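J.: To convert a position in the sequence shown, counted from 1, into my numbering, add 1. The beta carbon of each residue, even a glycine, is placed where N, CA and C say it ideally should be. Quick caveat, the model's predicted, so the values are computed rather than measured. Before anything else, here's the structure in question.
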Amino acid sequence: MADALGKRLERWLSAGVVDESTATRIRTFEESQSSSERLRWPVLLAVALGGLLLCAGVLLFVAAHWDELSPAWRFTLVLILVGAFPLAGALTEEKFPALSTTFYTIGTVCVGAGIFLTAQIFNLQEHWPSGILMWAIGALAGWLLLRHWTQVALLALLVPAWLAGEWEVRTQGFAVSNRLITEGLVLVAITYLSARTSQEDSYTRRALAWIGGLAVLPLSVWAFVEEREYWGWWWQNRTPVSLLLQITGWAVAICGALALAYVLRKNAAWTNAVAAIWVLVIGTFRGAHADTGKNLSIYAWNTLGPYFWAGIGALAMVGWGLFERRRERINLGVAGFALTVSIFYFSDVMDKLGRSASLIGLGVLFLLGGWMLERTRRHLVARVAGETP
């Protein structure tokens, strides 16, 4: 918050909107307000864990006594769960805003539970992704009414889950890989990660950046593994997906993520378009068992190409962090490069060496490579934090 305020004040001073004395008074006032109103991290941690435990406890209680309740009592219990927590949030909003936000968030979680429990009560055999869609609409309504970052975080998780569910249902039984889902989710994670910029920063953008940062590496590994392991028996004796459905799915997966990037980053979203190209190239790799004939170049591309392309992506993430002065992207890029080298060693090098040689090489890789990467990471982070561009 202080960094964002300082950057805004610098822009206002350079534009002549405020003078130096006014900027000093604004800075002094905001610092006094933040020091008196800001909660310390143990309090925030206690509130967050309390909310998670309360949510889990309520759901377990309902599950334990579900069979003992009549349909009328079940539906009544669902209504109580959906309405009680937002009411508690409204009652504590002025006295304890953090607790109020937690109650509102639990209420939105209970909306999803209420949707699926209601479907179970009345035996509604409907399109199950529609339940996730209604849950996402509830989170959207919560954000429009409250403007809490927690509602945006839930919405950011639910909308991709709904789209992935729609694709799974509509392509069930057809000859289709999970390429669209994996690559679409990777691109969405990159979009979330890039929500924070040097000009725009808020709790909402930080929540999106945390979600993207936690998801981008596992999803990227999944995307590479999915494409290498897919090709083979799965295509046999299955009807291919229609061209119209494929075009629609890819348009939603790629254009939706890029549209969100433009909303969040405006003209800076061109870097997300470059990231989309990197993601789409992942789908060109085939597993080593794929039929490549006697073309050694294609065989090398399918075996070594994924590691090369993953390393390019990691280095590009580091460069992106340097370009926009974002330390979290530098850290993720270095971690991605280390993960790529480790997977390459375990998958394609270690089994070709003897037992002792493989262990020695592994030790050298972890010690020397880890030291070099950490030294490089610290240098790059210090470069971003300092005055050097």
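Let me check one thing: in DSSP terms, what residues is Pro307 bridge-paired to?
T.: Counted from its first residue, the sequence shown places residue 307 at position 306. Answer is none; Pro307 lacks a bridge partner.
J.: Use the C-beta contact count for Cys111: other C-beta atoms within 10 angstroms, 16 or more gives buried, fewer gives exposed.
T.: Start at 1 with the first residue of the sequence shown, and residue 111 comes out as number 110. Buried: at least 16 other Cβ atoms inside 10 Å.
J.: Label Trp435 either buried or exposed according to how many other C-beta atoms from any shown protein chain fall within 10 Å of its C-beta, with 16 as the threshold for buried.
T.: Examination of residue 435 is not possible in this model, given that the chain is present from 2 through 390 alone.
J.: What are the boundary residues of the alpha helix (DSSP H) that includes Gln200?
T.: Sequence index remark: in the sequence shown, residue 200 carries index 199 (1-based). Counting along the chain, Gln200 falls outside any alpha helix (DSSP H), and DSSP gives it neither H nor E.
J.: Can you give me the C-alpha to C-alpha distance between Asp68 and Phe76, rounded to a whole angstrom?
T.: Here residue 68 corresponds to residue number 67 of the sequence shown, with the count starting at 1. Here residue 76 corresponds to residue number 75 of the sequence shown, with the count starting at 1. Approximately 13 Å, taken between the alpha carbons.
J.: Between Gly314, Ala311, Asn179, Ala383, which lies nearest to Glu227 when the distance is taken from Cα to Cα?
T.: Here residue 227 corresponds to residue number 226 of the sequence shown, with the count starting at 1. Closest option to Glu227, Cα to Cα, is Asn179.
J.: Taking only three categories from DSSP, how would you classify Phe347?
T.: Numbered from 1 along the sequence shown, position 346 holds the residue referred to as residue 347. DSSP places Phe347 in helix when its eight states are reduced to three.
J.: With a threshold of 7 Å on Cβ separation, who are the neighbours of Leu381 within its own chain once the five nearest residues in sequence on each side are excluded?
T.: Counting from one through the sequence shown, the residue named residue 381 turns up at place 380. Taken in chain order, the residues that qualify are Val319, Leu323, Ile331.
J.: Please classify His149: is it buried, with 16 or more other beta-carbons within 10 angstroms of its beta-carbon, or exposed?
T.: Against the sequence shown, residue 149 aligns to sequence position 148. Label assigned to His149: buried.
J.: Could you tell me which of Trp310, Asn268, Thr151 sits nearest to Ile283, measuring between CA atoms?
T.: Here residue 283 corresponds to residue number 282 of the sequence shown, with the count starting at 1. When only C-alpha atoms are compared, the closest one is Trp310.
J.: Sorted by chain position, which residues of the same chain lie with C-beta nearer than 7 Å to Arg326's C-beta, five sequence neighbours on each side aside?
T.: Looking up residue 326 in the sequence shown gives position 325. For Arg326, where only same-chain residues beyond five positions count, the Cβ hits under 7 Å are Ser199, Val385.
J.: If Leu156 sits next to Trp144, beta carbons under 8 Å apart, how far is it from one beta carbon to the other, in whole angstroms?
T.: Taking the sequence shown and counting its residues from 1, one reaches residue 156 at position 155. Taking the sequence shown and counting its residues from 1, one reaches residue 144 at position 143. Their Cβ separation, rounded to whole angstroms, is 6 Å, which keeps Leu156 and Trp144 in contact under 8 Å.
J.: Look at the alpha carbon of Val48 and the alpha carbon of Ser101, and state the distance between them as a whole number of angstroms.
T.: Taking the sequence shown and counting its residues from 1, the one referred to as residue 48 is at position 47. Taking the sequence shown and counting its residues from 1, the one referred to as residue 101 is at position 100. Going by the C-alpha atoms only, they are around 10 Å apart.
J.: My understanding is that Gly185 touches Ala260, with C-beta atoms under 8 Å, so please give their C-beta distance in whole angstroms.
T.: As a first step, residue 185 is located in the sequence shown; it is residue number 184 there, counting from the start. As a first step, residue 260 is located in the sequence shown; it is residue number 259 there, counting from the start. Between Ala260 and Gly185 the Cβ distance is about 13 Å, and since that is not below 8 Å, they are no contact.
J.: Tell me, which residues are paired with Phe175 by DSSP?
T.: Counting from 1 along the sequence shown, the entry for residue 175 is found at position 174. Looking at the DSSP assignment, Phe175 forms a beta bridge with Thr240.
J.: Can you tell me whether Leu278 is buried or exposed? The criterion is at least 16 other CB atoms within 10 Å of its CB, across all chains shown.
T.: What you label residue 278 is simply residue 277 of the sequence shown in a count that begins at 1. Contrary to the premise, residue 278 reads as Ile rather than Leu in this sequence. Exposed: under 16 other Cβ atoms inside 10 Å.
J.: Grab me the residues of Gly213's own chain with a C-beta within less than 6 Å of its C-beta, minus the 5 sequence neighbours each way, in chain order.
T.: One-based indexing of the sequence shown puts residue 213 at position 212. Contacts found: Ala190, Tyr193, Leu194.
J.: Three-state secondary structure (DSSP) at Val18?
T.: In the sequence shown, the residue the question calls residue 18 occupies position 17. Val18 falls in the coil class under three-state DSSP.
J.: Extract the residue ranges of the alpha helix (DSSP H) inside the region 84-135, only unbroken runs of 4 or more that lie entirely within it.
T.: Those alpha helix (DSSP H) runs which fall completely within the region 84-135 and span 4+ residues are 98-122.
J.: Taking C-beta to C-beta, are Ser221 and Val187 nearer than 9 Å?
T.: Residue 221 sits at position 220 when you count from the first residue of the sequence shown. Residue 187 sits at position 186 when you count from the first residue of the sequence shown. Taking 9 Å as the Cβ cut-off, Ser221 and Val187 qualify as a contacting pair.
J.: Where does the unbroken alpha helix (DSSP H) through Trp391 begin, and where does it stop?
T.: There is simply no residue 391 to check, as the chain begins at 2 and stops at 390 in what is shown.
J.: Please work out which residues of its chain come closer than 7 Å, Cβ to Cβ, to Leu181, disregarding the five sequence neighbours upstream and downstream, and give them in chain order.
T.: Translated into the one-based positions of the sequence shown, residue 181 becomes position 180. Closer than 7 Å at the Cβ level, and outside the excluded window around Leu181, lie Trp168, Gly250, Trp251, Ala254.
J.: Quick one: is Leu125 buried, meaning 16 or more other Cβ sit within 10 Å of its Cβ, or exposed?
T.: For the purposes of this step, residue 125 is taken as residue 124 along the sequence shown, with counting starting at 1. When all chains shown are included, Leu125 counts as exposed.
J.: Give me the Cα-Cα distance between Val79 and Val217, rounded to the nearest whole angstrom.
T.: Counted from its first residue, the sequence shown places residue 79 at position 78. Counted from its first residue, the sequence shown places residue 217 at position 216. Distance between the alpha carbons of Val79 and Val217: 35 Å.
J.: Where does Gln173 land, buried or exposed, given buried means 16+ other C-beta within 10 angstroms?
T.: Mapped onto the sequence shown, residue 173 falls at position 172. When all chains shown are included, Gln173 counts as exposed.
J.: Does DSSP put Ser71 in a helix, in a strand, or in coil?
T.: Working through the sequence shown from its first residue, we reach residue 71 at position 70. Note: Ser71 maps to coil in three-state DSSP.
J.: For Ala142 and Met135, what's the separation of their Cα atoms in angstroms?
T.: As a position in the sequence shown, residue 142 is number 141, starting the count at 1. As a position in the sequence shown, residue 135 is number 134, starting the count at 1. The alpha-carbon atoms of Ala142 and Met135 are separated by roughly 10 Å.
J.: Hey, could you find the ends of the alpha helix (DSSP H) Gly362 is sitting in?
T.: In the sequence shown, residue 362 corresponds to position 361, counting from 1. It spans 356-365 - the alpha helix (DSSP H) in which Gly362 sits, taken as one unbroken run.
J.: In this structure, does DSSP put Phe286 in helix, strand or coil?
T.: Residue 286 sits at position 285 when you count from the first residue of the sequence shown. Phe286 falls in the coil class under three-state DSSP.
J.: Count the other C-beta atoms from every protein chain shown that fall within 10 angstroms of the C-beta of Ile116, then say buried if there are 16 or more, exposed otherwise.
T.: Position 115 of the sequence shown, counting from 1, holds the residue named residue 116. Buried, because 16 or more other Cβ atoms sit within 10 Å of the Cβ of Ile116.
J.: Can the beta-carbon of Ala1 be found closer than 9 Å to that of Ala317?
T.: The chain is shown only over 2 to 390; residue 1 falls outside these bounds and no answer can be derived.
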